[in-house]
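**Student:** Provided herewith is a single structure, encoded as C-alpha cells, for subsequent inquiry.
Number of protein chains: 2
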Amino acid sequence: MTSPAVSSRALPHPARDEIRLEGILHALSDPMRLQIVRELAAVSDELSCSHFDLPVTKSTTTHHFRVLRESGVIRQIYQGTAKMNGLRRDDLDDLFPGLLDTLLDAAARQVVRLGDRTGGVG
Amino acid sequence: MTSPAVSSRALPHPARDEIRLEGILHALSDPMRLQIVRELAAVSDELSCSHFDLPVTKSTTTHHFRVLRESGVIRQIYQGTAKMNGLRRDDLDDLFPGLLDTLLDAAARQVVRLGDRTGGVG
DNA sequence: GGCGTACTACGATGCCTATCGTACGAGTCG
DNA sequence: CGACTCGTACGATAGGCATCGTAGTACGCC
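Encoded structure:
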C-alpha cells in the first residue's frame, strides 16, 4: 500500500554486528566472487545480477551472490524482476577500516602482475 | 661446511610470484589459521609448531601449518626436531602492500568487538 | 645404541561447497 | 491473458577440507 512501486520481496541480510571477518575472507577467496566484488567497486553503484557475464549457470550465479550477501559483503534489493547488488561499504568501512580498499588494491595488483583477464573491469 | 648446523630437510614453499590472493584469503578464512597468523605477527619472530596450544590434534595442526605455508603466508624451517614458523612479511608486503597489516588490524578489531578469546595473544 | 620428543604420512570420516539441470515464482510488456 | 525475462528452489554430484587416529621418520640426548 504505502510503497507498492517496488517489489516488497525481502532478502535476509546479516546485521552489521553479525558480519565476521572469516566470512568475508571466505567469500572473497573464490575467484568468481572476488571478480564480482571488483566490478561492483569499479562502478560504485548497484548492478543487477544479469549484468555479470560469469562462466557459470544462473543457478551458480545465484549461489555466489547469496554467499556474498550472507557474509555481509554486498546488499541485495529487488527492483522489479531485477535484483540489484551493491557493496556494503558503509558497514565494512566501519567494522574493518581500510579492509575493502586494501583487498581491492591487492586484487588489482595481482591482475596486473599475472596479466590475468579475471578482472573484467575494463 | 657453510651451514651444517641445522637440518637440511627442505620444505616446499611457493615462490613470491606464485603467491595468490585467493590462496591467502582462503588460508586466513579459517579461525584457527587466522589465530596462528595473529600470534606470529604479535611476536614478530619465529615460533615452533609446538608453541601453539590449539584445540585440535597434532595431525590437524600440521595440516593448518601446511595450508599457511603452501598459500605463501608463512615460511617454515626445520631446526632440529622443531619446525620454526614465521610470516613472509617481506614477500607479502611487496606483493600486496598493507594487506597483512590491514587483515591483522581487522582481526584485532573483531576480537575487541566480539569479546572473543580466539586471539590468545595476550 | 636406545629413548624421548617433534612432526609427518596415510587412511577414514563427515561436512561443506561449487557446479549443474530442471522446474517454478515474480514482474514486465504486448 | 499470454509470453518472455530474471532470478529462486531443490535435488544431485563430485570434489575439497577439517578433523581424527595410528603408525612412522627425523633429530637430540644420554
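Residue numbers (the working numbering), protein chains in the order written: chain A, 1 to 122; chain B, 1001 to 1122.
Cβ coordinates follow ideal geometry from the N, Cα and C atoms, glycine included.
Bridge partners for I1019 (chain B) per DSSP, in chain order?
**Tutor:** In DSSP, I1019 (chain B) forms no bridge with anything.
**Student:** Closer than 9 Å, Cβ to Cβ, to anything on chain B: give me those residues from the region 20-44 of chain A, in chain order.
**Tutor:** The residues in question are R20, L21, E22, G23, I24, L25, H26, A27, L28, S29, D30, P31 and L34.
**Student:** Does chain B have any CB closer than 7 Å to the CB of G98 (chain A)?
**Tutor:** Yes, contact with chain B.
**Student:** Name, in chain order, the residues that DSSP records as bridge partners for Q76 (chain A).
**Tutor:** Paired residues: A:N85.
**Student:** When you compare the CB of A106 (chain A) with every CB in chain B, is at least one pair closer than 7 Å?
**Tutor:** Chain B contact via Cβ: present.
**Student:** Please identify the residue among A:H51, A:L104, A:S59 and A:G23 whose C-alpha is closest to the C-alpha of N85 (chain A).
**Tutor:** Taking only the C-alpha atoms, the option nearest N85 (chain A) is A:H51.
**Student:** Chain B partners of T102 (chain A), CB-CB under 7 Å?
**Tutor:** Here the neighbours are G1098, L1099 and T1102.
**Student:** Does Q110 (chain A) get closer than 7 Å to chain B when you measure Cβ to Cβ?
**Tutor:** By this cut-off, Q110 (chain A) is an interface position.
**Student:** Can you grab the Cα-Cα spacing for the pair G1072 (chain B) / H1013 (chain B), in whole Å?
**Tutor:** Computed Cα separation, rounded: 7 Å.
**Student:** Taking the beta carbon of R38 (chain A) as the centre, do at least 16 other beta carbons fall within 10 Å, making it buried, or is it exposed?
**Tutor:** The residue in question, R38 (chain A), is buried, as its Cβ has 16 or more Cβ neighbours within 10 Å.
**Student:** Between A:E46, A:A15 and A:Q79, which lies nearest to R9 (chain A) when the distance is taken from Cα to Cα?
**Tutor:** Ranking A:E46, A:A15 and A:Q79 by Cα distance to R9 (chain A) puts A:Q79 first.
**Student:** With a 10 Å radius around its C-beta and 16 neighbouring C-beta atoms as the bar for buried, classify R1069 (chain B) as buried or exposed.
**Tutor:** With 16 or more Cβ atoms within 10 Å of its Cβ, R1069 (chain B) is classed as buried.
**Student:** Would the beta-carbon of P31 (chain A) fall within 7 Å of that of E1018 (chain B)?
**Tutor:** It is not a contact, given that the beta carbons lie outside the stated cut-off.
**Student:** Count the other C-beta atoms from every protein chain shown that fall within 10 angstroms of the C-beta of T1002 (chain B), then say buried if there are 16 or more, exposed otherwise.
**Tutor:** Model confidence at T1002 (chain B) stands at a pLDDT of 38, short of 50, so the residue's coordinates are unreliable; what they give is reported in the following sentence. Burial call: exposed.
**Student:** Go ahead and pull the three-state DSSP assignment for L1114 (chain B).
**Tutor:** Helix.
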